[in-house]
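Student: Protein chains in written order, with UniProt numbering: chain A, 1 to 208; chain B, 1 to 208.
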DNA sequence: TTCATTTTGTACCGCTTCGCAAAAAATTAA
DNA sequence: TTAATTTTTTGCGAAGCGGTACAAAATGAA
């Protein structure tokens, strides 16, 4: 279907590209330390245009994070629910996370939620809710996977799936902080591998 | 020995109390969102007095964190190195951490380093170094304890002590984030307890 | 060509932020 | 009483911050 030509000045920005650029700034500087001028420079949009297109600063952040979640969700879900091997699946899941925690040129950025807004989360309920939601999403995914593993006999039937899921989530939280603190990628990979192996050992998995 | 009376206007602030009050502000709002005016209100010191007494904003933060570390170190060290039972010691260690992550009236503040400055850590090398140092301190303590455990036969002699220590550190990182996101204290306690039990299971501890 | 519409850019606003110079206050020494 | 010293307070300045009103630009419609 042919789109009707629109009147008026043509839009000069690409919404997706702008949100990606904005998230880059938030990830590098932290939420509060990122100003509208920083976002304007990165997106090549003047502040009134940012405001008209996306809303206020927190709206820009939230939409950028939503897009990031959508982009990274598929690979993580595939790792957990389509890879038959629990161990391989968890390893792939954390490999996807570590990949996401570094920029294209190896800059250690961490998680755009866990690493970026924890400072502000205590004083600002809206920001706190965003942090809690992100933590809840991972908890949910991991708990579902470990429940399936117990039901399928991949781990002990009576394993503490909530505890195991929380341990795996703790690895994700730790990776976010360590990346942010500058821990080199190979070291994060080693930490993740050891953690997964030990979790499976604790879970009573067949082979480890 | 009698102290010589000093000339000049008497000092009106107590350095320790001022640093405690300042840290309270940083923990509630996050590093960047805490202004000198916030610190001034909380400490009852005007900005020039703060500057003269402690230095710039980051110096105030760093000294407040140093004092906090000194205050919390003893209980954690006691738990790890003076309690003979590894399990009891780890449980006490994380109980001390959870206690420290809440204010006197139950406000969930998290860790004054892990939860407060991760946002700014990527862009500011000085802040990044502070985060890395805090992570390194915990890593060091936990690794030393697990090494002793392996040597003493409390866990398997060939246990991966680095991996186990990193798992325990991950719990600390996770508690800091979850407290910040508003997770209730009893839930944090349950997560910590399960995590420690599972780590010991993975470590090949005698009883669990 | 002029008008209507949509988007972008300029200019401005009120407030916040950090840091500092100098005056004022509060002490002891002379 | 005056002077010296130390600390605190007042006042100031430059820059930053988030947001908005309105002008300008770039299109298609009439």
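A virtual CB, placed ideally from N, CA and C, is assigned to each residue, including glycine.
Give the DSSP-derived three-state secondary structure of residue 125 of chain B in the structure shown.
Tutor: Correct three-state label for residue 125 of chain B: helix.
Student: Using the rule of at least 16 other Cβ atoms within 10 Å of the residue's Cβ for burial, across every protein chain shown, is residue 172 of chain A buried or exposed?
Tutor: Its Cβ being crowded by 16 or more others within 10 Å, residue 172 of chain A is buried.
Student: Check for me: the alpha helix (DSSP H) holding residue 44 of chain A runs from which residue to which?
Tutor: No alpha helix (DSSP H) holds residue 44 of chain A; DSSP gives it neither H nor E.
Student: Compare the C-alpha of residue 112 of chain A against each of A:202, A:139, A:26 and name the closest.
Tutor: Residue A:26 is the option with its Cα nearest to residue 112 of chain A.
Student: Find the residues of chain B that neighbour residue 191 of chain A, judging by a C-beta separation of less than 7 Å, and give them in chain order.
Tutor: Ordered by position in chain B, the residues that pass the 7 Å Cβ test against residue 191 of chain A are 166.
Student: Would residue 76 of chain B and residue 141 of chain B qualify as a contact pair, given that the criterion is a beta-carbon distance under 9 Å?
Tutor: Cβ atoms of residue 76 of chain B and residue 141 of chain B: closer than 9 Å.
Student: I'd like to know whether the C-beta of residue 163 of chain B is nearer than 9 Å to at least one C-beta of chain A.
Tutor: It does; some Cβ of chain A falls within 9 Å.
Student: Which bits of chain B does residue 178 of chain A rub up against, with CB to CB less than 7 Å?
Tutor: Chain B residues near residue 178 of chain A: 135.
Student: Would you give the residue range spanned by the alpha helix (DSSP H) that residue 161 of chain B belongs to?
Tutor: From DSSP, the alpha helix (DSSP H) with residue 161 of chain B extends over 161-180.
Student: Kindly provide the ranges of any alpha helix (DSSP H) runs that are 4 or more residues long and lie completely inside the region 62-100 of chain A, ordered along the chain.
Tutor: DSSP runs (the alpha helix (DSSP H)) wholly in the region 62-100 of chain A: 86-100.
Student: For residue 171 of chain B, which residues in chain A fall below 7 Å Cβ to Cβ?
Tutor: Here the neighbours are 170.
Student: Counting only C-beta atoms, is residue 39 of chain B closer than 9 Å to chain A at any point?
Tutor: So, not an interface residue.
Student: What are the residues that DSSP puts in a beta bridge with residue 102 of chain B?
Tutor: The partner list for residue 102 of chain B (beta bridge, DSSP) reads B:108.
Student: Leaving out five residues on either side along the sequence, give the residues of the same chain with a beta carbon under 7 Å from the beta carbon of residue 80 of chain A.
Tutor: Hits under 7 Å: 89, 93, 141, 145.
Student: On the criterion of 16 or more Cβ atoms from any shown chain inside 10 Å, does residue 35 of chain A qualify as buried, or is it exposed?
Tutor: It counts as exposed.
Student: Report the option in B:59, B:30, B:143 whose CA atom is closest to the CA atom of residue 86 of chain B.
Tutor: It is B:143.
Student: So residue 182 of chain B packs on residue 108 of chain B, CB below 8 Å; how close in whole Å?
Tutor: Right, their Cβ atoms sit about 6 Å apart.
Student: I need the DSSP call for residue 199 of chain B, collapsed to helix, strand or coil.
Tutor: In the structure shown, residue 199 of chain B sits in a helix (DSSP, three-state: H, G or I).
Student: Return the residue from the list B:40, B:114, B:148, B:124 that minimises the CA-CA distance to residue 135 of chain B.
Tutor: It is B:114 whose Cα lies nearest to the Cα of residue 135 of chain B.
Student: Using a Cβ-Cβ distance cut-off of 9 Å, determine whether residue 145 of chain A contacts chain B.
Tutor: Residue 145 of chain A does not count as touching chain B.
Student: Would you tell me roughly how many angstroms separate the C-alpha atoms of residue 52 of chain B and residue 191 of chain A, rounded to the nearest one?
Tutor: If I take the Cα positions, the gap works out to 44 Å.
Student: How would you label residue 65 of chain A, buried or exposed, when you count the other beta carbons within 10 angstroms and need 16 or more for buried?
Tutor: Buried, since its Cβ has 16 or more Cβ neighbours within 10 Å.
Student: Among the residues of its own chain, which have a CB less than 7 Å from the CB of residue 82 of chain A, if the five just before and after it don't count?
Tutor: Same-chain partners within the cutoff: there are none.
Student: Pairs of beta-carbons, one from the region 191-205 of chain B and one from the region 158-175 of chain B, closer than 8 Å: are there three or more?
Tutor: In short, these stretches touch, since the Cβ pair count reaches three.
Student: Could you please give the first and the last residue of the uninterrupted alpha helix (DSSP H) stretch that includes residue 5 of chain B?
Tutor: Element bounds for residue 5 of chain B: n/a, residue is neither H nor E.
Student: Beta-carbon within less than 7 Å of residue 22 of chain A's beta-carbon, same chain only, minus the 5 sequence neighbours each way: which residues are those?
Tutor: Excluding residues within five positions, the ones whose Cβ falls inside 7 Å are 39, 42, 43, 60, 64.
Student: Does DSSP classify residue 15 of chain B as helix, strand or coil?
Tutor: Three-state result, residue 15 of chain B: helix.
Student: Reducing DSSP to helix, strand and coil, say where residue 139 of chain A ends up.
Tutor: Helix at residue 139 of chain A.
Student: Pull up the distance between the alpha-carbon of residue 105 of chain B and that of residue 99 of chain B, whole angstroms please.
Tutor: Residue 105 of chain B and residue 99 of chain B: Cα-Cα distance of roughly 11 Å.
Student: Among the residues of its own chain, which have a CB less than 6 Å from the CB of residue 110 of chain B, if the five just before and after it don't count?
Tutor: Taken in chain order, the residues that qualify are 101, 176, 179, 180.
Student: Pick from B:32, B:47, B:153, B:29: whose alpha carbon is nearest that of residue 13 of chain B?
Tutor: The option with the nearest alpha carbon to residue 13 of chain B is B:47.
Student: For residue 32 of chain B, count neighbouring Cβ atoms within 10 angstroms of its own Cβ and tell me buried if that reaches 16, exposed if not.
Tutor: Buried: at least 16 other Cβ atoms inside 10 Å.
Student: Would you list, in chain order, the members of the UniProt domain "HTH tetR-type" (12-72) of chain A that have their beta-carbon closer than 8 Å to a beta-carbon of chain B?
Tutor: Answer in chain order: 27, 28, 29, 30, 31, 32, 33.
Student: Could you name the residues of chain B that residue 117 of chain A contacts, counting a contact when the two beta carbons are closer than 8 Å?
Tutor: The contacting residues are 119.
Student: Using a cut-off of 9 Å between C-beta atoms, extract the partners of residue 160 of chain A located in chain B.
Tutor: Under the 9 Å cutoff, chain B gives 194, 197, 198.
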